[in-house]
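Comments concern the structure below.
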Amino acid sequence: MTTPPPQGNPFAQGQQQPYGQPQGQAPYPPQGGFPQQAGQPGFPPPGAPVPPPQQGRKLSFKTIKNIVIVLIVAGVAIGGYISSQDDAQTAAVGDCMHRGSTDDNNPDLEVVDCADAKAQYKVLAKIEGSFLTETLASSKCEAEAKDFQYTYTESGDSKDFLLCLKDYK
1 MTTPPPQGNP FAQGQQQPYG QPQGQAPYPP QGGFPQQAGQ PGFPPPGAPV PPPQQGRKLS
61 FKTIKNIVIV LIVAGVAIGG YISSQDDAQT AAVGDCMHRG STDDNNPDLE VVDCADAKAQ
121 YKVLAKIEGS FLTETLASSK CEAEAKDFQY TYTESGDSKD FLLCLKDYK
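FYI, full-length UniProt numbering numbers position 111 of the sequence shown as 111, with every residue one higher than the one before it.
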């Protein structure tokens, strides 16, 4: 009777790993010879939590706050400049005016082109200085422009002035 030859490696001693390999690890490193890193196929292993992707540089609250403040200040400055361009302060003799409000205490006069259909008044004289009463304003306008019909005084801003006006059309 013959004995069958032994199966497997006759020099292996049980279930040991090859020489130099600690138990529980594969005999060879993964592809490329380096440990797997994030972004390689098969990493992270299935079922493992996925780390959130790294985002670019975030703006701090302080930076955002400063940007908003600069935008608000610039907007107010630009708005103030634009709104002051067509008001009574910029009126000169010969300019035409439009009344934007029916309130006699705040008529909201603005300079318009004399060819514009909105033109209602023409400036006959502009006198700078303080005017305490309407009578004093009327006497000043009589001295400057005999055919005036209306007076407009403005005070409290950087300059006090009086406009002597008459109907344009």
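Every residue gets a Cβ at the ideal spot worked out from N, C-alpha and C, and that includes glycine.
Paired residues, beta bridge with Ala92 - DSSP: Paired residue(s): none; Ala92 is not in a bridge.
Just tell me which of Glu154, Asp147 and Lys65 has its CA closest to the CA of Leu109. Nearest C-alpha to Leu109: Glu154.
Exposed or buried, Lys122, counting other C-beta atoms within 10 Å across all chains shown (16 or more means buried)? Taking all protein chains in view, the Cβ of Lys122 is crowded by 16 or more other Cβ atoms within 10 Å, so the residue is classified as buried.
I need the straight-line Cα distance from Val112 to Leu71, nearest angstrom please. Taking the straight line joining both Cα atoms gives about 30 Å.
What number of angstroms, rounded off, separates the C-alpha of Gly94 from the C-alpha of Leu124? Cα to Cα, Gly94 sits roughly 6 Å from Leu124.
The beta strand (DSSP E) enclosing Lys126, as first and last residue numbers: Here the beta strand (DSSP E) through Lys126 covers Tyr121 to Glu128.
Leu163 burial status per 10 Å Cβ neighbour count (16 or more: buried): Label assigned to Leu163: buried.
Element boundaries [beta strand (DSSP E), containing Leu109]: Residues Leu109 to Val112.
Relative to the C-alpha of Glu128, which residue among Cys96, Met97 and Gln89 is closest? For Glu128, the nearest C-alpha among the options comes from Gln89.
Judging by CA-CA distance, which residue of Ala92, Asp167 and Pro49 is the nearest neighbour of Gln120? Ranking Ala92, Asp167 and Pro49 by Cα distance to Gln120 puts Asp167 first.
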